[in-house]
Amino acid sequence: MGGIYNIHHICVNTPEIEKSIKFYQDIMGFRLIGRETCDFGEYAMLKLNDSRLELIQPNEQDENTFGNKGSITHIGLAVQDIDSVWNDLCAKGIPLLSESIEDNDAPMGGLRVIQLLGPSQEHINLYEWKRSF
59 MGGIYNIHHI
69 CVNTPEIEKS
79 IKFYQDIMGF
89 RLIGRETCDF
99 GEYAMLKLND
109 SRLELIQPNE
119 QDENTFGNKG
129 SITHIGLAVQ
139 DIDSVWNDLC
149 AKGIPLLSES
159 IEDNDAPMGG
169 LRVIQLLGPS
179 QEHINLYEWK
189 RSF
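Counting in our numbering, the sequence shown runs from 59 upward without gaps.
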């Protein structure tokens with residue numbers, strides 16, 4: 059029987075697709091797997107392991123633009139060795155929302171997190187979970 063089994067991608071609208079592609083490739087480690095111009099604007103698909111990120115620079119920014127119909131509170135990316143990730147981001151001069159790595163006991167058994175903004179002001183959380191699930 060068919061059904062939903064996974065998240066295919068997260069989409070972020072961006073006013074500057076070049077800047078967003080460069081950020082997600084150079085800083086976050088994604089790989090560009092497709093790019094084209096469509097009727098609705100500039101389009102790019104990036105991949106990191108089994109995760110995909112879709113970037114769209116719409117031709118128009120108005121109340122009818124499909125990407126403006128809803129919002130995403132954040133993009134959550136899993137990391138290993140969050141201390142090294144923190145040091146790497148600081149060394150690259152990436153502005154962070156976190157003053158330090160946040161250590162939380164919940165949810166899901168706890169996590170450590172770094173918060174930052176992407177180039178289009180999208181909120182990005184980098185997570186190191188304390189347990190596997």
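Where a beta carbon is used, it is the ideal one built from N, C-alpha and C, also for glycine.
Note to self: Please identify the residue among Asn-162, Ile-130, Ala-136 and Ile-159 whose C-alpha is closest to the C-alpha of Ile-68.
What the structure shows: Residue Ile-130 is the option with its Cα nearest to Ile-68.
Note to self: For a test of the three-state rule: what should DSSP assign to Ile-65, helix, strand or coil?
What the structure shows: Reduced to three states, the DSSP call for Ile-65 is coil.
Next item on the list: Using the Cα positions of Ser-145 and Leu-104, report the straight-line distance between them to the nearest angstrom.
Entry: What sits at residue 145 in the sequence shown is Asn, not Ser. Cα to Cα, Asn-145 sits roughly 24 Å from Leu-104.
Next item on the list: Between the Cα of Gly-167 and those of Asn-107, Thr-72 and Ser-190, spot the shortest distance and give me the residue it belongs to.
Entry: The option with the nearest alpha carbon to Gly-167 is Ser-190.
Note to self: Among the candidates Leu-113, Ala-136 and Asn-162, whose CA atom is the shortest distance from the CA of Phe-98?
What the structure shows: The option with the nearest alpha carbon to Phe-98 is Leu-113.
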